[in-house]
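In my numbering, the protein residues as written are -2 to 209.
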Ligand code: AP5
Ligand code: MG
Ligand code: ZN
């Protein structure tokens, strides 16, 4: 499907989880700034070295670094695109407009109480970035990814202390984007509470109404 979507929502709202499924069904190209930055940190690239301290502190990586990364990834890309974790500040959203037309902003709404538990018991695949949860979405075999057999690990920013910082950052910097996209007439708020499958059905239904 040829739709340009951004996925909004607080840490742990299910952006990564839902992105995996949306890509499988609709064939979007996914760009996740979180995954790309973690890869850069792992590989010790110049970007990774600059980004690491901000990520470990639960702060946003500076806009110019992340906008440059997205600009590079979007270059020459055809077809539907799903941005997971970008934009996350008004400045990023304004910059994005220079080279990408957001046709739909899906905002996952989740009560804050459930987010800490989702994050502190999350496990992520080192190889393919799939996400699991020890209780809510456990892997079939402990410690290994259902999709690729890769090793599951706990993100270094998934400690309760850093998670609280990420919430603060979200409230101050990212939450205003909901209003920004509402004013543009492209906001679709989706209830992100309940089972993963149920949330998926809600998002898929919204996307199907905009079929193109
Ligand atoms: P990023 O990786 O984007 O982290 P985030 O926004 O904090 O979001 P998460 O990935 O933690 O949560 P999610 O919404 O994807 O939830 P998930 O599906 O995994 O960013 C990390 C850092 O990178 C930032 O702090 C920043 O430093 C930097 N960064 C990234 N982008 C940036 C940008 N644009 N600008 C500047 N800096 C940037 O689900 C969470 C857990 O819950 C999983 O275990 C899952 O199995 C479970 N779960 C999901 N849905 C449900 C459900 N319905 N019921 C029960 N459990 C569920
Ligand atoms: Mg994620
Ligand atoms: Zn994997």
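For each residue, glycine too, the CB sits at the ideal point set by N, CA and C.
For this session: Let me know if residue 195 comes out buried or exposed under the rule of 16 or more other beta-carbons within 10 Å of its beta-carbon.
Result: Within the chain shown, the letter at position 198 stands for residue 195. By the neighbour-count rule (16 or more Cβ atoms within 10 Å), residue 195 is not buried but exposed.
Problem set entry | For residue 164, the first and last residue of its enclosing alpha helix (DSSP H) | Your numbering for residue 164 matches position 167 in the chain shown. Residue 164 -> alpha helix (DSSP H) spans 157 to 166.
Problem set entry | Between the CA atoms of residue 159 and residue 0 - distance to the nearest angstrom | In the chain shown, counting from the first residue as 1, residue 0 sits at position 3. In the chain shown, counting from the first residue as 1, residue 159 sits at position 162. Using only the alpha carbons, I get a separation of about 34 Å.
Exercise. Using 8 Å as the Cβ pair cut-off and three pairs as the minimum, do the region 94 to 102 and the region 118 to 134 touch?
Worked result: No contact exists between the region 94 to 102 and the region 118 to 134.
Problem set entry | C-alpha distance - residue 32 paired with residue 126, whole-angstrom precision | Position 35 of the chain shown, counting from 1, holds the residue named residue 32. Position 129 of the chain shown, counting from 1, holds the residue named residue 126. Answer to the nearest angstrom: the Cα atoms are 7 Å apart.
Exercise. How would you call residue 150, buried or exposed, if buried means at least 16 neighbouring beta carbons within 10 angstroms?
Worked result: The count along the chain shown starts at 1 and reaches residue 150 at position 153. Flag for residue 150 reads exposed.
Problem set entry | Cβ shell of residue 186 (< 7 Å), same chain only, five flanking positions each side left out | Counted from its first residue, the chain shown places residue 186 at position 189. Spatial neighbours of residue 186 in its own chain (CB-CB distance under 7 Å, excluding positions within 5 residues in sequence) are listed in chain order as 104, 106.
Problem set entry | residue 7 burial status per 10 Å Cβ neighbour count (16 or more: buried) | By 1-based counting over the chain shown, the position of residue 7 is 10. With 16 or more Cβ atoms within 10 Å of its Cβ, residue 7 is classed as buried.
For this session: Report all residues from its chain with a CB closer than 6 Å to the CB of residue 172; omit the five preceding and five following residues, and keep chain order.
Result: Here residue 172 corresponds to residue number 175 of the chain shown, with the count starting at 1. Here the set comprises nothing.
Exercise. At a cut of 8 Å, does the region 10 to 29 reach the region 37 to 55 through at least three beta carbon pairs?
Worked result: For the pair of segments examined, the region 10 to 29 was found not to touch the region 37 to 55: the number of CB pairs separated by less than 8 Å stays below three.
Problem set entry | Same chain, Cβ closer than 8 Å to residue 77, five either side skipped, listed in chain order | Position 80 of the chain shown, counted from the first residue, corresponds to residue 77. If the five residues before and after residue 77 are omitted, its C-beta is found closer than 8 Å to the C-beta atoms of -2, -1, 0, 1, 2, 23, 24, 25, 26, all from its own chain and listed in chain order.
For this session: Less than 8 Å between the CB atoms is what I'm expecting for residue 79 and residue 128, so what's the real figure, rounded?
Result: For the purposes of this step, residue 79 is identified with residue 82 of the chain shown, where counting begins at 1. For the purposes of this step, residue 128 is identified with residue 131 of the chain shown, where counting begins at 1. Actually they are not in contact, since the Cβ atoms of residue 79 and residue 128 sit about 15 Å apart, beyond 8 Å.
For this session: Could you spell out the range, first to last residue, of the alpha helix (DSSP H) harbouring residue 56?
Result: Counted from its first residue, the chain shown places residue 56 at position 59. Looking at the DSSP string, residue 56 is not in any alpha helix (DSSP H), and its letter there is neither H nor E.
Exercise. Helix, strand or coil: how does DSSP classify residue 138 here?
Worked result: As a position in the chain shown, residue 138 is number 141, starting the count at 1. If DSSP states are grouped into helix, strand and coil, residue 138 belongs with the strands.
For this session: Give the secondary structure of residue 106 by DSSP, where H, G and I count as helix, E and B as strand, and everything else as coil.
Result: Within the chain shown, residue 106 is the residue found at index 109, counting from 1. Residue 106 falls in the strand class under three-state DSSP.
Exercise. Measuring from the CB of residue 81, is there a heavy atom of the ligand MG at a distance below 7 Å?
Worked result: Looking up residue 81 in the chain shown gives position 84. Under cutoff, so the answer is yes.
For this session: Give a yes or no on whether the C-beta atoms belonging to residue 111 and residue 83 are separated by under 8 Å.
Result: Here residue 111 refers to the residue found at position 114 of the chain shown. Here residue 83 refers to the residue found at position 86 of the chain shown. Not closer than 8 Å, so no.
For this session: Could you tell me the boundaries of the beta strand (DSSP E) in which residue 219 lies?
Result: Past the edges of the chain, shown from -2 to 209, lies residue 219, and the structure says nothing about it.
For this session: Run the proximity test for residue 55: is its beta-carbon closer than 7 Å to any non-hydrogen atom belonging to the ligand MG?
Result: As a first step, residue 55 is located in the chain shown; it is residue number 58 there, counting from the start. Outside the cutoff, so no.
Exercise. Whose C-beta lies closer than 6 Å to the C-beta of residue 10 among residues of the same chain, with five residues either side of it excluded?
Worked result: What you label residue 10 is simply residue 13 of the chain shown in a count that begins at 1. Beyond the five residues adjoining it in sequence on each side, residue 10 comes within less than 6 Å, by CB distance, of 105, 107, 189 in the same chain, given in chain order.
Exercise. Just checking my contact of residue 86 with residue 44 at CB under 8 Å: how many whole Å lie between their CB atoms?
Worked result: Reading the chain shown from its first residue, position 89 is the one you call residue 86. Reading the chain shown from its first residue, position 47 is the one you call residue 44. Contact flag wrong, Cβ pair sits at about 18 Å.
For this session: Determine the contact status of residue 81 and residue 166, defining contact as a CB-CB distance below 8 Å.
Result: Locating residue 81 in the chain shown gives position 84, counting from the first residue. Locating residue 166 in the chain shown gives position 169, counting from the first residue. If you check the CB distance, residue 81 and residue 166 do not come in under 8 Å.
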